[in-house]
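All remarks here apply to the structure that follows.
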Amino acid sequence: MPLPYGSVKFGLSDAVMARHRPGEIDYRLARQNLLHAFRAGSVSQLQICDAQTELTRNASHCGVALEEMCPVCVTNNLRNVTYVFGPRLPSGGRCITNLAEVTRLSRRQATYTAYVVEVCIDCGWNHLIRSYVL
Ligand SMILES: [Zn+2]
Numbered sequence: 003m004p005l006p007y008g009s010v011k012f013g014l015s016d017a018v019m020a021r022h023r024p025g026e027i028d029y030r031l032a033r034q035n036l037l038h039a040f041r042a043g044s045v046s047q048l049q050i051c052d053a054q055t056e057l058t059r060n061a062s063h064c065g066v067a068l069e070e071m072c073p074v075c076v077t078n079n080l081r082n083v084t085y086v087f088g089p090r091l092p093s094g095g096r097c098i099t100n101l102a103e104v105t106r107l108s109r110r111q112a113t114y115t116a117y118v119v120e121v122c123i124d125c126g127w128n129h130l131i132r133s134y135v136l
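The opening residue of the sequence shown carries number 3 in this note's numbering; numbering runs sequentially from there.
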């Protein structure tokens, strides 16, 4: 049974989630509005299921599996992928694979920003869920 949206795990661990994050932005309302537009027929599945190959691959290999079903194709292949951007990281960000990487980056003097993206590896649905400063 799908979980209500408020209980979705957002990333690497619940312990990390419990911490207050400076500069955190929650995009769930934008997600909800887009899905409402999709269900109302004003946005096509092609428009919202446009995950690029690399994003889908990262979701498969580095993503955190969610218990929630995909809101578009209703399969259970929904993942959260975390990308971190900042100095000395690739211009496309670094796909984070474990909590140790987040901890290591957060100890640096520079400012790093993490973006958590929800991705369905079946249909290509993807949406930014939240961002925060490490
Ligand atoms: Zn899907």
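We put the CB at the ideal spot given by N, CA and C, even for glycine.
**Q.** Bridge-paired residues (DSSP) for Asp28
**A.** Partner(s): Arg132.
Q.
Looking at the secondary structure, which residues open and close the beta strand (DSSP E) in which Tyr58 lies?
A. Note that residue 58 corresponds to Thr in the displayed sequence, not to Tyr. Counted as a single uninterrupted DSSP element, the stretch harbouring Thr58 is not any beta strand (DSSP E) but the alpha helix (DSSP H) occupying residues 55–64.
Q: Spell out the partners DSSP gives Val118 in its beta bridges.
A: Thr84, Arg132
Q.
If I measure Cβ to Cβ from Asn60 and keep anything under 7 Å in the same chain, skipping five residues before and after, which residues do I get?
A. Val83, Cys97
Q. What did DSSP end up calling Ala2 once you bin it into helix, strand or coil?
A. Any question about residue 2 goes unanswered here, given that the chain covers just 3 to 136.
**Q.** Neighbourhood of Thr115 by C-beta, 8 Å cutoff - its chain only, sequence neighbours within 5 removed
**A.** Gly25, Val86, Phe87, Gly88, Ser133, Tyr134, Val135, Leu136
Q: Flag this pair as yes or no: are the beta carbons of Val74 and Cys51 separated by less than 8 Å?
A: yes
Q. Nearest CA to the CA of Asn78: which residue from Glu120, Ile131, Ala32, Asn35?
A. Glu120
Q. Are the stretch 94–109 and the stretch 60–72 touching by the rule of at least three beta carbon pairs closer than 8 Å?
A. yes
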